[in-house]
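As C-alpha cells, the structure follows; a few thoughts come after it.
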Amino acid sequence: MADISIERLEITVELDGAGAEAQFVRLFDGHIRRWWADEQARQADSRFAERERLLPDTLRGHGAVP
61 MADISIERLE
71 ITVELDGAGA
81 EAQFVRLFDG
91 HIRRWWADEQ
101 ARQADSRFAE
111 RERLLPDTLR
121 GHGAVP
C-alpha cells in the first residue's frame, strides 16, 4: 500500500442538537488516538524490521559460528 501524505485537511460539519459538538469532538478524538497508536506501532514494526535486516545471523544467535 502506498503512503499518503495529507498536507492540509479542512472539514466543515453542521451539528444539530445540544451536545452535538461535544459528541463530535469525542468521536474525532477517539479516532485520532486509534490512528496515532496504529501509526506508532507501524513505525516501531518498521524500525524493528530494519534492525533485523541489518544484523547478521551470527549476532542473532541463529547462524553458524565462524
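Using this note's numbering, you'd call the opening residue of the sequence shown number 61 and step up by one each time.
Ideal Cβ positions, reconstructed from N, Cα and C, are used throughout, including at glycine.
Quick check on residue i: does DSSP put it in helix, strand or coil?
i, result
"S106", "helix"
"A62", "coil"
"E81", "helix"
"R93", "helix"
"R111", "helix"
"E74", "coil"
Restricting to Cα atoms, I'd like to know which of the options is closest to residue i.
i, options, result
"D63", "R94, L69, F84, E99", "E99"
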